[in-house]
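Here the protein sequences come in this chain order: A and B.
Once you know that position 52 of the first sequence is 52 in this note's numbering, the rest is easy, because the numbers rise by one and skip nothing.
Once you know that position 214 of the second sequence is 214 in this note's numbering, the rest is easy, because the numbers rise by one and skip nothing.
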Amino acid sequence: MAQEIQNAIQDPIIRVRDITVQFGATRVLDGLNLDVKRGEILGFVGPSGAGKSVLTRTIIGLVPKVAGSIEVFGVDLDSSNTSQRRNVERRWGVLFQQGALFSSLTVRQNIQFPMREYLRVSQRLMDEITMAKLAMVGLKPEVAERFPSELSGGMIKRVALARALSLDPDLVFLDEPTSGLDPIGAGDFDDLVRTLQRTLGLTVFMVTHDLDSLYTACDRIAVLGNGKIIAAGSIADMQASQHPWLRQYFHGKRARAVVT
Amino acid sequence: MSGDPKLERIAKGNALALCATGTWTASFAPVLERMVADAEKLAGSPQSIFIDVSEVAKLDTFGAWLIERLRRSLTQGAVEAQIAGLSANYSSLVDEVRRVRATPVVDTTTITITGMLEQIGRAVAGIAGTVAGLVDMLGAVLAACGRVLIHPRSLRLTSTVHHLEQVCWRAVPIIVLITFLIGCIIAQQGIFHFRRFGADIFVVDMLGVLVLREIGVLLVAIMVAGRSGSAYTAELGSMKMREEIDALRTMGFDPIEVLVLPRMLALVLALPILAFLGAMAALYGGGLVAWLYGGVDPEAFLLRLRDSISIDHFIVGMVKAPVMAAVIGIVACVEGLAVQGSAESLGQHTTASVVKGIFFVIVMDGVFAIFFASIGM
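This is the structure:
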């Protein structure tokens with residue numbers, strides 16, 4: 001067991017080194033370092049506008065960086081060729097903040113879209129797997145034939161998660177998965193993420209503002225501030241921290257409500 | 001640790017064991033599916049069957065489902081297939097998959113003759129709806145105009161000027177260029193054919209009447225429908241998709257007054273200006289070709305132009321412009337506000353906006369031709 005943990009530390013699934021991202025004159029990320037270990041759920045917090053989504057999008061490759069290196073699954077994304085990159089992309093799933101479902105496709109077609117592209121399997125298997133994924137994210141089979149415009153906000157999040165999981169990735173990025181959900185729905189979502197992490201052995205990189213999620217779902221928490229990681233560790237470490245923003249965040253009125 | 005997945009049959013006394021080995025994951029899904037389909041043929045054998053998964057190196061939803069599918073199809077009557085040797089890691093995944101119901105009902109739409117007839121019927125009936133929608137919008141815009149006339153301060157002047165810049169000022173270069181070229185082509189063709197009768201100079205009559213009465217305004221209206229009508233539909237449509245229009249309504253604003261009226265006003269002001277500039281550019285282009293290609297020098301061209309066309313031709317052209325602008329604007333705004341939630345719907349309505357806009361512009365042109373002929377202009 002100890003050996004396993006040692007290996008996991010030596011072999012992070014995401015290794016971010018000294019990355020700097022700049023929009024015009026504003027430096028959003030400034031020499032940031034971050035490791036995400038295999039099999040953990042990392043909660044990523046920070047004040048609004050600190051660049052949480054920017055970091056996620058930089059790792060995924062949607063935002064260009066000025067300096068630094070990013071390794072995912074041990075592949076340096078800058079020096080990799082197209083097929084290596086494609087291979088990495090096939091192994092991660094992304095849940096965007098607004099869901100980003102394809103509006104002209106049904107839920108079923110949305111979930112099957114990555115399968116159709118990457119796997120050569122029969123329509124029957126794709127349909128069955130789609131039903132399995134829908135059941136996993138807690139949706140009824142009837143939802144499959146609906147269009148995204150006919151879904152509620154919570155259902156969109158769930159379908160988007162089902163699509164992110166459609167190829168059984170090793171790593172998922174969740175950008176504020178519980179925002180816009182009612183507390184019960186959000187709690188279910190946290191349980192869902194935990195269950196999936198356990199059953200599928202996922203590594204989860206979760207940007208969140210939800211204290212409940214941090215307490216119940218996350219193994220480790222990283223805090224972003226001033227373009228750097230100002231703290232990383234367990235929830236207990238965060239509560240013990242003397243950093244003013246962390247104190248306010250974890251000892252504020254809302255935080256006390258969660259703990260008690 | 002990992003390896004190609006296999007499913008071996010081992011007889012164990014009275015029972016048959018199917019031993020699954022290797023990596024049962026999405027990457028091997030096509031192979032796995034074939035193997036499972038093969039093993040499913042064992043269904044109905046009297047032996048009891050169990051599926052041994054203790055040697056599986058890696059399992060994901062695809063693998064778990066295929067094992068579950070195999071178990072289901074082998075389970076028949078009294079014989080129940082069992083899954084054996086499931087490691088604790090994967091038991092929750094298999095449990096998860098076990099709850100899944102079989103294949104969903106997928107509706108397949110077949111094309112039949114009655115279905116096609118039905119579509120034609122619906123399309124024809126839809127025309128009435130389209131016309132009603134346009135009349136409705138015309139009424140709403142006129143009512144908004146009325147309100148603005150009573151309270152002139154409620155006019156969104158900034159917005160109107162912004163749209164005027166977009167549809168008029170920024171359209172000038174492309175409109176002038178295209179009408180100039182069309183003028184050149186008309187003149188060249190005219191000279192080429194009239195020359196055989198020695199009637200070169202009549203090209204000026206043709207150019208003058210054609211450009212001022214018809215081509216100038218019609219061509220510009222078609223280009224504006226393509227350029228600005230589509231932009232209006234896309235703008236309003238995406239605002240509709242993001243619930244911005246609902247937001248306006250809840251704040252007590254009338255979307256017609258805030259969004260549609262400034263756009264309509266800008267278009268109604270812009271089209272006459274563009275039509276005039278277009279007509280001038282076409283005449284200039286025609287004159288240039290007549291001079292360089294046909295040998296009609298500019299003085300003779302202008303003299304002939306003054307004799308051959310009257311102010312009536314110019315008025316006929318200019319009167320049509322604002323009406324056509326109103327038609328384009330109304331069609332574009334109706335289509336924009338009809339957009340539903342999907343990106344596909346936005347595309348369809350933008351296409352419809354341009355197609356219907358151009359169609360109505362040409363219909364209006366025909367109506368005007370009859371009207372002006374009957375009043376002798």
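For glycine and all other residues, C-beta sits at the position ideal for the given N, C-alpha and C.
At what residues does the beta strand (DSSP E) containing residue 43 of chain A begin and finish? 41-45
Using a Cβ-Cβ distance cut-off of 7 Å, determine whether residue 129 of chain A contacts chain B. yes
Quick one, which of A/46, A/23, A/42, A/12 has its alpha-carbon nearest residue 219 of chain A's? A/42
Residues of chain B with a CB under 8 Å from the CB of residue 159 of chain A: which are they? None at all; the shortest Cβ gap to chain B is about 14 Å.
Residue burial classification, residue 111 of chain B (beta-carbon count within 10 angstroms, cutoff 16): exposed
Roughly how far, in whole angstroms, is the beta-carbon of residue 50 of chain B from the beta-carbon of residue 81 of chain B, given that I think they are within contact range, below 8 Å? 7 Å
If I follow the unbroken beta strand (DSSP E) through residue 11 of chain B, where does it start and stop? 6-12
Cβ pair count under 8 Å reaching 3, the region 79-89 of chain A against the region 14-32 of chain A: no
Excluding five sequence neighbours on each side, which residues of the same chain lie with their C-beta closer than 7 Å to the C-beta of residue 69 of chain B? 36
Between residue 341 of chain B and chain A, is any beta-carbon pair separated by less than 7 Å? yes
If we count Cβ pairs, one from each stretch, closer than 8 Å, do we get three or more for the region 246-264 of chain B versus the region 206-226 of chain B? no
Start-to-end residues for the beta strand (DSSP E) that takes in residue 228 of chain A: 228-233
Could you give the DSSP three-state label for residue 166 of chain B: helix, strand or coil? helix
Look at the alpha carbon of residue 182 of chain A and the alpha carbon of residue 39 of chain A, and state the distance between them as a whole number of angstroms. 28 Å
When the Cα atoms are used, what is the spatial distance from residue 355 of chain B to residue 234 of chain B? 14 Å
Quick check on the burial criterion: 16 or more other C-beta atoms within 10 angstroms. Buried or exposed for residue 189 of chain B? exposed
Counting only beta-carbon separations shorter than 7 Å, does residue 236 of chain A have a partner in chain B? no
Where does residue 6 of chain A sit, in a helix, a strand or coil, going by DSSP? The predicted model places residue 6 of chain A with a pLDDT of 47, which falls under 50 and marks its position as unreliable, so this point remains unresolved.
Bridge partners for residue 55 of chain B per DSSP, in chain order? B/21
Cβ closer than 7 Å: which chain A residues qualify as neighbours of residue 65 of chain B? 128, 129, 132
Please return the same chain residues whose Cβ sits closer than 7 Å to the Cβ of residue 158 of chain A, not counting the five positions on each side in sequence. 137, 138, 139
Which residue or residues does DSSP assign as beta-bridge partners of residue 281 of chain B? None, per the DSSP bridge assignment.
Whose C-beta lies closer than 6 Å to the C-beta of residue 1 of chain B among residues of the same chain, with five residues either side of it excluded? Low per-residue confidence applies at residue 1 of chain B: pLDDT is 43, beneath 50, and the placement is therefore not dependable, though the value from the model is reported in the following sentence. If we look at residue 1 of chain B and ignore the five residues flanking it on each side, its Cβ neighbours are 57.
Residues that residue 62 of chain B contacts on chain A, provided the C-beta gap is smaller than 7 Å: 129, 168
May I ask you to verify whether the region 278-295 of chain B touches the region 348-365 of chain B, counting CB pairs closer than 8 Å and requiring at least 3? no
Within 10 Å of its beta-carbon, does residue 236 of chain A have 16 or more other beta-carbons around it, so buried, or fewer, so exposed? exposed
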